[in-house]
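In our numbering, the protein residues as written are 537 to 1262. Backbone N, C-alpha and C fix where the C-beta goes; we use that ideal spot for every residue, glycine too. Small disclaimer: the values here were computed from a predicted structure and weren't measured. Heads up, the thing below is written out as structure tokens.
Structural data, given as structure tokens:
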């Protein structure tokens, strides 16, 4: 058995272990819980029934689903979600992790002859943030997982015959895998690797990407209705600034436990690290290599541009989260270092032993300093000196102590690195294995503690309602996604993003933070992103794209929001002052109260809350769940006759793509009204197309004869309407 076979078995075993972990636990993050899993379970349910959902009618009054360039819903890996949850997610994790590991391993094997070094570079990439921690955003991770095999496949372009086949196949699957921004990053990496590493001619490389663009053009063309009708992509600076990592946040590349920025004096933006210490080790090796040898100037220029862009100084249209460019930086550095077989050997030379002892001593000293009373004392004195004695409402003694503890923790991996490398320098033969051990320990510890994992069993979605609730005829809105500070986002903020020194009181008590009761209760009241899973209909939700018209509809504040949300304003004045809104993944309803008439006009009849609400008509209370009713709300489907006579229209068949009605003699004189985003819908009666009168949020159809009337969503019709600007 060759070393390559042993490494393959290791990748398989590791993927199985990680799959088992995600069978029992799931990362508590917005992207995983209320976006990815909700969408994929919905998709899998219909795939198991032989239907590919082209449209999701359950949130935002319906939104195109299949050709979502953020979710990658037509990628073959989605077939795993036809399995029951949590097995479906666990299998998906295992397969994508294996593709990530083995793909990059093959790629690094094409660079270095040493298979153990290729293994090391693969695990450094995976454990340092680009891989493992990205599982908290599966739409990004699945695309990155394709990078390695894509970069490896490009080496086949050097062949004279048949060289285009494999890279075109892999490039196609990477394109339809998910997050558009990271697909573009993959294209950029592929172009750079083909030209500068594989030395493939510019003509042949450009021809390949033209062929790839042609083979995937249909996918992007059919995604245009979703993209152009949404708020997701924008060329303005306001859009690019969202989620950007400021220059100060690059500190977390060195201090992985020192997380993010302090905002408004009350919150701690604890995003996952992009790259951690094991990656900086490779940066150090790169600098050392430049010092020893002359590196091609184009690599220096490319890295310089990427690092500059990662600072968020330059606004790139349609892209946000500048710090995510570190994925490209990281892979390029690994490529350069892997190109020199003695790069790792440099680190285990005897003359470095004293440096490692100094690193160990420095790490211990820094840890003791930051966790001791000396740090907050010096900090406060220095702050008073700089601010001329002004008192800070944020940097209190408890605040500085907490920051000190977080910074102190960051020096533990540094000390561990020093110890491992010192041990490696004592025995050069096993130096690389000590480095591998460090990467494993650091990656598992830092990445695990950057996440917050909950039992997979905690994700239980309510699918049955009291008999007085008509969930098929009317929409149901949960406060979990609407009322500020009372839903899922608040729970996450309380246990993840809110520091122990926050001045803002938490809505979640200590008991709830230590248990899963709050999370279970929140999911039982149906965050409306899960409406598709529960087979209910809502207006608000959490998705990769938000319809522009619906966002505009809710752009004005409710007239009574200041009085209704006074309990929030009293503890956070910034809430009342800020007017800037964002509709990246959800409707901004932070200043829209639940008793606003706009909800009712969109068919919201029932409001579900985990606490009492003011000025609402209480329908019933079931355990700790409150049901409120808006009696004036119209049904989703109704017949109208004249100006004021309405009756409920009961469909005979419904799936995400189609709804059918049986038209009798008495319905011919009436108009059928559907409250739903109308673009892309076509109506047929008894096999013949009939016209649809389309408004902003409704369709009006006049039945022409007795028989079956079918209304279905057509991506092609939607595309035509976009170009006609209907």
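Rounded separation between residue 1125 and residue 1232 - CA only: Taking the chain shown and counting its residues from 1, one reaches residue 1125 at position 589. Taking the chain shown and counting its residues from 1, one reaches residue 1232 at position 696. Rounded to the nearest whole angstrom, the C-alpha separation of residue 1125 and residue 1232 is 19 Å.
Burial state of residue 556 (16 or more Cβ within 10 Å): Position 20 of the chain shown holds residue 556. The residue in question, residue 556, is exposed, as its Cβ has fewer than 16 Cβ neighbours within 10 Å.
6 Å CB neighbourhood of residue 1220 in its chain, flanking five on each side removed: For the purposes of this step, residue 1220 is taken as residue 684 along the chain shown, with counting starting at 1. Cβ within range, chain order: 1246.
Collapsed DSSP secondary structure at residue 794 in the structure displayed: Position 258 of the chain shown, counted from the first residue, corresponds to residue 794. Residue confidence is low: residue 794 scores 48 on pLDDT, short of 50, so the model does not pin down where it sits. Its coordinate-derived value is still stated next. DSSP places residue 794 in the coil class of the three-state scheme, outside both helix and strand.
Run of the alpha helix (DSSP H) containing residue 1253, from where it starts to where it stops: The residue you call residue 1253 lines up with position 717 of the chain shown. In the DSSP assignment, residue 1253 falls within the unbroken alpha helix (DSSP H) covering 1251 to 1260.
Residues bridged to residue 1162 (per DSSP): Residue 1162 sits at position 626 when you count from the first residue of the chain shown. In the DSSP assignment, the residues bridged to residue 1162 are 1145 and 1157.
For residue 660 and residue 1006, the rounded distance between their alpha carbons: Translated into positions along the chain shown, residue 1006 becomes position 470. Translated into positions along the chain shown, residue 660 becomes position 124. Going by C-alpha positions, residue 1006 is about 53 Å away from residue 660.
Alpha-carbon to alpha-carbon, residue 694 and residue 740: Here residue 740 is taken as the residue at index 204 of the chain shown, counted from 1. Here residue 694 is taken as the residue at index 158 of the chain shown, counted from 1. Computed Cα separation, rounded: 9 Å.
Coarse secondary structure for residue 1247, derived from DSSP in three states: As a first step, residue 1247 is located in the chain shown; it is residue number 711 there, counting from the start. In the structure shown, residue 1247 sits in a strand (DSSP, three-state: E or B).
Contact under 7 Å by Cβ, residue 1069 with residue 681: In the chain shown, counting from the first residue as 1, residue 1069 sits at position 533. In the chain shown, counting from the first residue as 1, residue 681 sits at position 145. Cβ atoms of residue 1069 and residue 681: not closer than 7 Å.
C-beta contact flag for residue 1211 and residue 1172 at 7 Å: Against the chain shown, residue 1211 aligns to sequence position 675. Against the chain shown, residue 1172 aligns to sequence position 636. Contact flag set, yes.
Residue 885 burial status per 10 Å Cβ neighbour count (16 or more: buried): For the purposes of this step, residue 885 is taken as residue 349 along the chain shown, with counting starting at 1. Answer is exposed; the Cβ neighbour count stays below 16.
Cβ shell of residue 1194 (< 8 Å), same chain only, five flanking positions each side left out: Locating residue 1194 in the chain shown gives position 658, where the first residue counts as 1. If we look at residue 1194 and ignore the five residues flanking it on each side, its Cβ neighbours are 1246, 1247, 1248 and 1249.
Distance CB(residue 593)-CB(residue 992) smaller than 7 Å: Locating residue 593 in the chain shown gives position 57, counting from the first residue. Locating residue 992 in the chain shown gives position 456, counting from the first residue. Taking 7 Å as the Cβ cut-off, residue 593 and residue 992 do not qualify as a contacting pair.
Beta-carbon spacing of residue 570, residue 1074 below 7 Å: The residue you call residue 570 lines up with position 34 of the chain shown. The residue you call residue 1074 lines up with position 538 of the chain shown. No; because the gap between Cβ atoms is not below 7 Å, this pair is not in contact.
Identity of the residues DSSP links to residue 600 by a beta bridge: Translated into positions along the chain shown, residue 600 becomes position 64. Residue pairing of residue 600 in beta bridges, as defined by DSSP: 591.
Where residue 966 sits in the DSSP three-state scheme: Taking the chain shown and counting its residues from 1, the one referred to as residue 966 is at position 430. Residue 966 sits in a helix when the DSSP states are folded into three classes.
Identity of the residue in 760, 1077, 1083 and 844 nearest residue 862 by Cα: To locate residue 862, count along the chain shown from 1; it is residue 326. Check the Cα spacing between residue 862 and each of 760, 1077, 1083 and 844: the tightest is with 844.
Residues that residue 1198 bridges to, as DSSP identifies them: Here residue 1198 corresponds to residue number 662 of the chain shown, with the count starting at 1. Bridge partners of residue 1198 according to DSSP: 1244.
Bridge partners - residue 1083, DSSP secondary structure assignment: Mapped onto the chain shown, residue 1083 falls at position 547. Paired residues: 766.
Residue 1188 burial status per 10 Å Cβ neighbour count (16 or more: buried): Your numbering for residue 1188 matches position 652 in the chain shown. By the neighbour-count rule (16 or more Cβ atoms within 10 Å), residue 1188 is not buried but exposed.
Residue 912, DSSP secondary structure in three states: As a working mapping, residue 912 is identified with position 376 in the chain shown. Note: residue 912 maps to helix in three-state DSSP.
Stretch pair the segment 880 to 894 + the segment 960 to 973: three plus CB contacts closer than 8 Å: At 8 Å Cβ cutoff, the stretches touch.
Span separating the alpha-carbon of residue 550 from that of residue 753: By one-based count along the chain shown, residue 550 stands at place 14. By one-based count along the chain shown, residue 753 stands at place 217. Cα-Cα distance, rounded: 36 Å.
Residues of its chain near residue 1267, where Cβ-Cβ distance is below 8 Å and the 5 sequence neighbours each way are ignored: Nothing can be reported for residue 1267, as the shown portion of the chain is limited to 537 through 1262.
Sufficient close CB pairs (3 or more, under 8 Å) joining the segment 1124 to 1139 to the segment 994 to 1004: Contact between the segment 1124 to 1139 and the segment 994 to 1004 is absent: fewer than three C-beta pairs spanning the two stretches fall below 8 Å.
Contact belief for residue 664 with residue 545 at Cβ below 8 Å, rounded distance in angstroms: Looking up residue 664 in the chain shown gives position 128. Looking up residue 545 in the chain shown gives position 9. About 23 Å; that fails the 8 Å criterion.
At least three beta-carbon pairs within less than 8 Å, the segment 602 to 609 to the segment 557 to 568: The answer is no - the segment 557 to 568 does not touch the segment 602 to 609, with fewer than three Cβ pairs under 8 Å.
Which of helix, strand or coil DSSP assigns to residue 563: Sequence index remark: in the chain shown, residue 563 carries index 27 (1-based). Reduced to three states, the DSSP call for residue 563 is strand.
Terminal residues of the alpha helix (DSSP H) in which residue 879 lies: Residue mapping note: residue 879 aligns to position 343 of the chain shown, counting from 1. Segment: none, residue 879 is in no alpha helix (DSSP H) and carries neither H nor E.
Collapsed DSSP secondary structure at residue 780 in the structure displayed: For this step, residue 780 is matched to residue 244 along the chain shown. Confidence at residue 780 is low in this model, with a pLDDT of 45, below 50, so the placement of that residue should be treated as unreliable; the coordinate-derived value is given next. Under the three-state reduction of DSSP output, residue 780 falls in the coil class, being neither helix nor strand.
Cβ-based burial, residue 715 [other Cβ within 10 Å; buried from 16]: Looking up residue 715 in the chain shown gives position 179. The residue in question, residue 715, is buried, as its Cβ has 16 or more Cβ neighbours within 10 Å.
Which of helix, strand or coil DSSP assigns to residue 1235: As a first step, residue 1235 is located in the chain shown; it is residue number 699 there, counting from the start. In this structure, residue 1235 counts as strand in the three-state DSSP scheme.
Residues that residue 1288 bridges to, as DSSP identifies them: As shown, the chain starts at 537 and ends at 1262. That puts residue 1288 outside it, with no answer to give.
Collapsed DSSP secondary structure at residue 978 in the structure displayed: For the purposes of this step, residue 978 is identified with residue 442 of the chain shown, where counting begins at 1. In this structure, residue 978 counts as helix in the three-state DSSP scheme.
Rounded distance between the beta-carbons of residue 974 and residue 956, thought under 8 Å: Counted from its first residue, the chain shown places residue 956 at position 420. Counted from its first residue, the chain shown places residue 974 at position 438. Confirmed, about 4 Å.
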